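Below you'll find the structure, written out as structure tokens, and then a few comments.
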DNA sequence: GCGCAAATAATCGTATACAATTTGACCGCA
DNA sequence: TGCGGTCAAATTGTATACGATTATTTGCGC
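Protein chains in written order, with my numbering: chain V, 236 to 472; chain H, 236 to 472.
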């Protein structure tokens, strides 16, 4: 009960409708890379899968399209988003632009117990890195993003928090598509360094670390057009 | 044909579905303050108004709720959002956090013709300020936001552009609720100063101007809880 | 055997229908 | 008159149905 149950919506109502649950379930599947970019998400299939009508399935897919996680093409259907290299660059540019500001806000109002919570997240993260298996990999992916989301939550700005949720989720898609090294979180413990800098009240340094951290993630990408449709390249190599 | 038709979606498909048109129409009505915060938007009414079924009306309202412009309460309906003072503060905090970064990005890649375009927007804006009448007021409200949106568009980051669209739209709601002086755009020509600073390549100064500009808008607000429900205060004063 | 057109199947876009929930009113009673 | 309960009207939540569009396959002529 650590997947969707943990998604404690900060300001939303507990459960607006069934479509929300479906949306969250699909989102988690996308973020944890159980659904690959480009996968078709037919309304009927989704509906059958969750034992609801097409109406709700459609609503969930629409919601995900607003978050940029699925792309709906008119009269053709919904697909797990397949971010272009340019979109990928924009996502990381947005993170470089936003996250330092969030970090400053968060550092200004962070409490001791919140720092404790952050450190606990880091511990969990490194534990997962040491483990083997697909489920550990997926949990690690989520944990890596959760650090950034926790920072956004601490900042106290629900709007920025939502923006970050979108950016982190889309980053996961980008890394799934263009990531080179097996794991995104670079070997070095960059998250931990950021927390230490925050704790030491070295804000400028913490921001620097954050910007570099994001740059490192992006540097691990191979941003070349290689869509699934281009099956020529599948043989040209 | 200057209202919804002008909403040239930068990256979206030209017309995914009819729900999009309804969404845009309602959004424009909200942003231009033809719809007051708290107004009930019944699915049937919206559907009848646009001569479509409840299905499309509902989809449009859902979309607007994702943008924070309407709030849907379970089993109760949709209402034009009524941002709380705290939400208002978060909106402006987000703008202070985001807009300097957008400005820097935009300034780095701005072209001469784009500067020209910005100046034209400013001209239009001041023309509207001089005019009388409700329609001029509404156009002025939109024009004031369009400057910030134009900057976001120039920045070349579609994601940040979308974030800004949401923030500007929600700002309009906040100003409608809590604004004191009749018009939001302070008497001084702050937008023009920003353009000048960009043109002069004085980036730091431009960012300062932008932050102060946002602060000025926020300073014009009277952020006090005065919800329709809180009728106690209606007598306590 | 191959390419192209027409029929077929699958899927989406929208409308309508029914069930569930809320809201407000009406009515009886203290 | 004021209060509580029951019922009806309105509105939303969800499902189903039908028309439109796109993809696929079949069949024919070459």
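Positions of the beta carbon are idealized from the N, C-alpha and C atoms, including for glycine.
Just so it is clear, the structure is predicted and the values come from calculations on it, not from any experiment.
Under the 10 Å beta carbon count, residue 306 (chain V) is surrounded by 16 or more other beta carbons and is classified as buried.
If you draw a 10 Å sphere on the C-beta of residue 390 (chain H), you find 16 or more other C-beta atoms in it, and that means buried.
Bounds of the alpha helix (DSSP H) holding residue 431 (chain H) are 425-434. Not one beta carbon of chain H lies nearer than 8 Å to the beta carbon of residue 445 (chain V). Along the segment 338-360 of chain H, the positions whose C-beta sits under 9 Å from a C-beta of chain V are 339 and 340, read in chain order. Using beta-carbon distances, residue 256 (chain V) does not count as an interface residue toward chain H, since no partner is under 8 Å.
Taking CB atoms only, residue 301 (chain V) has a neighbour in chain H less than 8 Å away. Here the alpha carbons of residue 273 (chain H) and residue 317 (chain H) stand approximately 6 Å from one another. In the DSSP assignment, residue 306 (chain V) falls within the unbroken beta strand (DSSP E) covering 305-308.
Assignment of residue 380 (chain H) by DSSP, reduced to helix, strand and coil, places it in the helix class. By the C-beta criterion, the segment 292-307 of chain V is judged not to be in contact with the segment 440-453 of chain V, since fewer than 3 inter-stretch pairs fall below 8 Å.
In this structure, residue 357 (chain V) and residue 426 (chain V) form a Cβ contact; the two beta carbons are roughly 6 Å apart against a cut-off of 8 Å. A distance below 8 Å between beta-carbons, with the five flanking residues on each side excluded, links residue 331 (chain H) to the following residues of its chain, in chain order: 446, 449 and 450. Using a 10 angstroms sphere on the CB of residue 383 (chain V), the tally of other CB atoms reaches 16 or more, which defines it as buried. Excluding sequence positions up to five before and after residue 292 (chain H), its CB lies within less than 6 Å of the CB of 278, 281 and 282, all in the same chain and listed in chain order. Going by DSSP, residue 315 (chain H) is part of the beta strand (DSSP E) stretching over 312-315. Distance from the CA of residue 379 (chain V) to the CA of residue 342 (chain V), rounded to the nearest whole angstrom, comes to 19 Å. Membership of residue 365 (chain V) in the alpha helix (DSSP H) is indicated by the continuous run 347-365.
The beta carbon of residue 271 (chain V) sits closer than 8 Å to the beta carbons of 315 and 411 from its chain, once the five residues preceding and following it are set aside; these are given in chain order. Residue 402 (chain V) carries a helical assignment under DSSP once its states are collapsed to helix, strand and coil. Buried is the label assigned to residue 334 (chain V), since at least 16 other Cβ atoms lie within 10 Å of its Cβ. Of the candidates V:275, V:265, V:456 and V:397, the residue whose Cα lies closest to the Cα of residue 312 (chain V) is V:275. The beta carbons of residue 353 (chain V) and residue 385 (chain V) sit about 6 Å from each other, so the pair counts as a contact at 8 Å. Residue 432 (chain V) and residue 423 (chain H) have their C-alpha atoms spaced approximately 41 Å apart. Bounds of the alpha helix (DSSP H) holding residue 259 (chain V) are 253-266. Counting only the Cα atoms, residue 408 (chain H) lies some 16 Å from residue 260 (chain H). Rounded to whole angstroms, the separation of the alpha carbons of residue 347 (chain V) and residue 405 (chain V) is 31 Å. Boundaries for residue 368 (chain V): no alpha helix (DSSP H) harbours it, and the DSSP string shows neither H nor E there. Residue pairing by DSSP places residue 275 (chain V) opposite V:314 in a beta bridge.
Of the residues H:263, H:294 and H:287, the one whose Cα lies closest to the Cα of residue 381 (chain H) is H:263. Taking every protein chain shown into account, the CB of residue 365 (chain H) has fewer than 16 other CB atoms within 10 angstroms, so this residue is exposed. The C-alpha of residue 453 (chain V) is placed about 28 Å away from the C-alpha of residue 351 (chain V). In this structure, residue 294 (chain H) lies near residue 297 (chain V), with their beta-carbon atoms less than 8 Å apart. For residue 459 (chain V), same chain residues with a beta-carbon under 7 Å away, outside a window of 5 residues either side, are 320 in chain order.
The closest CA to that of residue 430 (chain H), considering only H:349, H:310, H:394 and H:392, is found on H:349.
Annotated three-state conformation of residue 336 (chain V) is helix, per DSSP.
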